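See structure below.
What follows is the structure, given as structure tokens:
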């Protein structure tokens, strides 16, 4: 899709998906954003051998991808960071960025299989802080590729 305008890219992706309903389509590319947008099954080949195969989500699991949460909180940095690190089921917490005074972005890694959203929201509310942004950070196919081919 290099060289196509955004509308043409959407048309090509739609065409490939439509054809894939009745036929097997083999797409060979290093543009992993296209793979993520187009394919439901991926095979990663490294040095002539299959390094990984499956859906993008299955490949992420095989590559040992971990779930991460990004949260932007308005509150005193050291207090917030201390509370996040001390939370039950938090494996790791990092300060990622600063938006303004007392507004920081944090990346949190929960223990595998644990949903921290409710307890994290409650901790922020109970301390009188505010959540300004809350996202589950998705592992990209590029990250999976790098992990499987190193």
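Numbering (this note's numbering), first residue to last: 4 to 153. C-beta: ideal position from N, C-alpha, C; glycine also. Since this is a predicted model, take the numbers as computed values, not measurements.
How would you call residue i, buried or exposed, if buried means at least 16 neighbouring beta carbons within 10 angstroms?
i, result
"residue 111", "buried"
"residue 64", "exposed"
"residue 104", "exposed"
"residue 46", "exposed"
"residue 72", "buried"
"residue 70", "buried"
"residue 142", "buried"
"residue 113", "buried"
"residue 7", "exposed"
"residue 94", "exposed"
How many Å lie between residue i and residue j at the Cα?
i, j, result
"residue 134", "residue 106", "9 Å"
"residue 19", "residue 91", "46 Å"
"residue 144", "residue 44", "12 Å"
(request) Indicate whether the contact test is met: 3 or more Cβ pairs, each with one atom in the segment 123-137 and one in the segment 75-91, closer than 8 Å. (result) Short answer: they touch.
(message) Ignoring anything shorter than 4 residues, give me the alpha helix (DSSP H) runs that lie fully in the segment 27-87, in order along the chain.
(response) As far as the segment 27-87 is concerned, its whole alpha helix (DSSP H) runs of at least 4 residues are 35-41, 59-65.
(request) Count the C-beta pairs between the segment 143-153 and the segment 33-44 that are closer than 8 Å, then say yes if the count reaches three, no if not. (result) With the cut-off at 8 Å, the segment 143-153 and the segment 33-44 touch.
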